[in-house]
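Under my numbering, the first residue of the sequence shown is numbered 1, with each subsequent residue one higher.
Working notes for the structure below.
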Amino acid sequence: MNEAMRAYLDAPMERRGTHCEKWDGLKRYFGRDDLIAMWVADMDFPAVPQVRDALVARAQHPVYGYTDNGEADRRAEAGWLKRRHGLAVDADWILYSPGVVDSIFFCVSAFTKPEDSILIQPPVYGPFYQAAKLYGRKLVCNPLVRDDGGWRMDFDDLEAKLRAGVRMMLLCSPHNPVGRVWTREELQRLVNLANQYGALLVADEIHADFALDGRRHTRILALEGAARCVMLTSATKSFNLAGLRQSSVIAPDAGIREALKRTIAQAHADMPNIFGAVAQTAAYTYGDEWMDAVVEYVRENRDCAIDYMRQGLPEIGCQPQEGTYLMWLNFNGLGLSHEAVKALLINEAHVALNDGLFFGQEGRGWFRLNLATQRANVVQTLENLHNAIRSR
Ligand SMILES: Cc1ncc(COP(=O)(O)O)c(C=O)c1O
Numbered sequence: 001m002n003e004a005m006r007a008y009l010d011a012p013m014e015r016r017g018t019h020c021e022k023w024d025g026l027k028r029y030f031g032r033d034d035l036i037a038m039w040v041a042d043m044d045f046p047a048v049p050q051v052r053d054a055l056v057a058r059a060q061h062p063v064y065g066y067t068d069n070g071e072a073d074r075r076a077e078a079g080w081l082k083r084r085h086g087l088a089v090d091a092d093w094i095l096y097s098p099g100v101v102d103s104i105f106f107c108v109s110a111f112t113k114p115e116d117s118i119l120i121q122p123p124v125y126g127p128f129y130q131a132a133k134l135y136g137r138k139l140v141c142n143p144l145v146r147d148d149g150g151w152r153m154d155f156d157d158l159e160a161k162l163r164a165g166v167r168m169m170l171l172c173s174p175h176n177p178v179g180r181v182w183t184r185e186e187l188q189r190l191v192n193l194a195n196q197y198g199a200l201l202v203a204d205e206i207h208a209d210f211a212l213d214g215r216r217h218t219r220i221l222a223l224e225g226a227a228r229c230v231m232l233t234s235a236t237k238s239f240n241l242a243g244l245r246q247s248s249v250i251a252p253d254a255g256i257r258e259a260l261k262r263t264i265a266q267a268h269a270d271m272p273n274i275f276g277a278v279a280q281t282a283a284y285t286y287g288d289e290w291m292d293a294v295v296e297y298v299r300e301n302r303d304c305a306i307d308y309m310r311q312g313l314p315e316i317g318c319q320p321q322e323g324t325y326l327m328w329l330n331f332n333g334l335g336l337s338h339e340a341v342k343a344l345l346i347n348e349a350h351v352a353l354n355d356g357l358f359f360g361q362e363g364r365g366w367f368r369l370n371l372a373t374q375r376a377n378v379v380q381t382l383e384n385l386h387n388a389i390r391s392r
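Shown next, in the form of structure tokens:
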């Protein structure tokens, strides 16, 4: 990363007073606002300059009417997927959806019935549970396994559960919160199993652009036999545009796509926000250098946090994540209850981390740290944690 880009990312960013959930929502979610906001998964970095320019230019035109879900937006996304991920998709496969969570719900609604089972891999992003719960579907869990080598899928358990009858599997790839970038072999095995047992595989790839240490994220649609899979993507996580509500559902199979189109239209959710469309197109067109720099900056933040904790806070269990800008921390070594750790983080360390229970019962004693912020915030968070834990 060049020095200008480092300075761009490193510059202090005051977000309070901008209607942002992460900082302005502290009091509402944590009961006090004198905290460093290291929780909800958005970034404190300024956007790609060309995205801002495109938004400002569009804002200057004073008519903000209904939006055309343009061919240009889809072509820009297809270009990004080809350039950055080596994946060729037909622009016609791409459907607009307001958000990836919305897309998960659309898939559940379009392809499952109340008696159907949906499989997820805990600990996992909370709305995966909601997808089954809100629609009254059965939830089947195939928990991830943790050993010395890190987190892995339990394929024997997975196969047994698929054999017993699962209509849909929701895959998180890369995985939030454990930070795995699944290998091509793991994903191929998954696709093969889903095909063998007739489960629809829906891959939430919102974190796909954050594969660290030169790793490559494998797109589900790049695999053999994946023609009936559904891939959920978004520029909002990669480029920090979440407030603009823009994402895509990509389905190569025409039948699946038509069913999704109908479901999205029934919810009257098939028209983009005008600023979302403008921002996404600019990001996918001009965002390469920015993206590379942000991934590198996050990698450095991760290394800084790991080094600090391994040396000075060995009671916090941590592993360098392979992907995402999120670190999954195990506080069980402190010998405190989950509630006591939470109180310590908020009231003693003055840091806001995501509560591990949001990711399921497997998250008891765990909390998630968001590293997509200026280095100074990371260092201050670590020092606060150190002081709070040492002065117990
Ligand atoms: C795995 C995963 N899926 C989806 C989302 C949210 O997506 P959206 O804001 O597009 O609904 C997040 C946000 O953190 C996430 O981590």
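Beta carbons are placed, not taken as given, at the ideal position from N, Cα and C, and that holds for glycine.
Nearest-angstrom Cα separation, counted from residue j out to residue i
i    : j    : result
N195 : M43  : 37 Å
Y8   : Y135 : 44 Å
R163 : L119 : 12 Å
A293 : D10  : 11 Å
F359 : G126 : 5 Å
D34  : N387 : 16 Å
L26  : N354 : 12 Å
T183 : R189 : 10 Å
N273 : A47  : 18 Å
L382 : M309 : 8 Å
V298 : D213 : 10 Å
C107 : A222 : 20 Å
E205 : R180 : 12 Å
C304 : L260 : 43 Å
L81  : H217 : 11 Å
L369 : A4   : 27 Å
Q361 : L139 : 14 Å
R228 : G255 : 9 Å
M38  : H268 : 34 Å
G363 : H338 : 9 Å
C20  : A59  : 20 Å
T236 : S391 : 40 Å
L329 : A131 : 25 Å
L158 : A57  : 50 Å
V124 : G17  : 31 Å
P174 : A208 : 6 Å
G70  : P12  : 36 Å
S103 : A376 : 35 Å
L371 : F45  : 11 Å
W23  : F367 : 18 Å
L345 : Q246 : 33 Å
N192 : D253 : 17 Å
G150 : M169 : 22 Å
Member of the options whose CA lies at the smallest distance from the CA of residue i
i    : options                   : result
C141 : D147, R84 and A160        : A160
V178 : P143, A227 and G86        : P143
V341 : Y325, M327, G365 and V40  : G365
A88  : S97, A78, I94 and E300    : A78
E300 : Y284, T324, L81 and A76   : T324
V202 : M153, E289, E186 and V100 : V100
H350 : M291, E185, I36 and Q374  : I36
H85  : C172, D288 and F155       : D288
N240 : F210, V166 and R75        : F210
A91  : S109, A72 and I104        : A72
R152 : E186, P320, F128 and A131 : E186
D148 : V379, S391, P320 and S337 : P320
N347 : L371, R32 and P174        : R32
G198 : Q280, L369, A76 and F111  : F111
V230 : L244, E258, V51 and K237  : E258
M327 : N2, T373 and H61          : T373
W290 : A277, S247 and S238       : S238
N332 : N384, A54, R137 and G356  : G356
N176 : A376, L385, E322 and Y29  : E322
T285 : N2, Q50 and H61           : Q50
A251 : A283, T233 and G150       : T233
P114 : K133, N384, L170 and L344 : K133
R215 : V191, L171 and V295       : V295
F155 : R28, A226, R83 and Q121   : Q121
S117 : V249, E224 and L200       : L200
_Chain-ordered list of residues that sit, by beta carbon, closer than 7 Å to a heavy atom of ligand 1_ = A41, G99, V100, V101, D102, Y125, P127, C172, N176, D204, I206, H207, S234, T236, K237, A242 and S247
*Mind listing, in chain order, the continuous beta strand (DSSP E) runs of no fewer than 3 residues lying wholly within the region 162-212?*
168-172 and 200-204
*For the region 308-370, list the alpha helix (DSSP H) runs that are entirely contained and at least 4 residues long, ordered along the chain.*
338-343
*At which residue ranges does the region 113-145 contain complete alpha helix (DSSP H) runs of 4 or more residues, listed in the order of the chain?*
127-134
*Specify whether the region 264-273 and the region 95-109 touch according to this definition: at least 3 beta carbon pairs, one from each stretch, less than 8 Å apart.*
yes
_the region 315-324 in contact with the region 59-67 per 3-pair CB rule at 8 Å_ = no
*What runs of the alpha helix (DSSP H), each 4 residues or longer, lie entirely inside the region 234-265?*
235-239
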